[in-house]
Amino acid sequence: EEQEEDVLRELRLFLRNVTERLALDRRFKAFTKPVDIEEVPDYLMVIKKPMDLSTLMTNIDEHKYVTVSEFMSDADLIWQNALEYNPDSDPMDRHIRHRACALKDTVRAIIRDELDEDFERVCEEIKESR
Ligand SMILES: COC(=O)[C@H](Cc1ccco1)c1ccncc1
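In the numbering used here, the protein residues as written are -3 to 126.
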């Protein structure tokens, strides 16, 4: 009903705000757009579910997420993929892994500090009812 659409509208506003803040953080520049398959031809052989901050934003606008938990699953793909694709001890790999870990910690800190548990519970109830 209308109240449910109000809740989902507020969810999208929260998720857009979180995603925009991450995209503005210079540490996360490598995560803002899809990995360039021309630059990295084997990427899709290693990474089965690519994800990036611009795709997160598109998904929000396309109403893909009904809960914060669904959003978190896709947001987690960004840093998980970076750890998986860049495992070596060379400085480049270590640098992107350090930024991937910073992304993981930053997303979790924002959600812990700014998401009301009761709000997420209402979103989960809407999801179960559909
Ligand atoms: C999330 O970004 C990545 O996983 C790419 C992989 C990549 C390797 C070569 C070109 O791109 C990356 C970008 C910047 N610095 C390290 C790795």
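Just so it is clear, CB atoms sit at the ideal spot from N, CA and C, and this is done for glycine as well.
For residue 47, the three-state secondary structure derived from DSSP is coil.
Of all residues, those with a beta-carbon under 6 Å from at least one heavy atom of ligand 1 are 26, 27, 31, 35, 36, 78, 81, 82, 88, 92, reported in chain order.
One thing to note: residue 10 has its Cβ no nearer than 8 Å to the Cβ of residue 18. In this structure, DSSP gives residue 111 a state outside helix and strand, which the three-state scheme calls coil. The beta carbon of residue 70 sits closer than 7 Å to the beta carbons of 47, 52, 55 from its chain, once the five residues preceding and following it are set aside; these are given in chain order. Note that the C-beta distance between residue 97 and residue 62 is not below 8 Å. The residue from 87, 94, 111 with its alpha-carbon nearest to that of residue 78 is 94.
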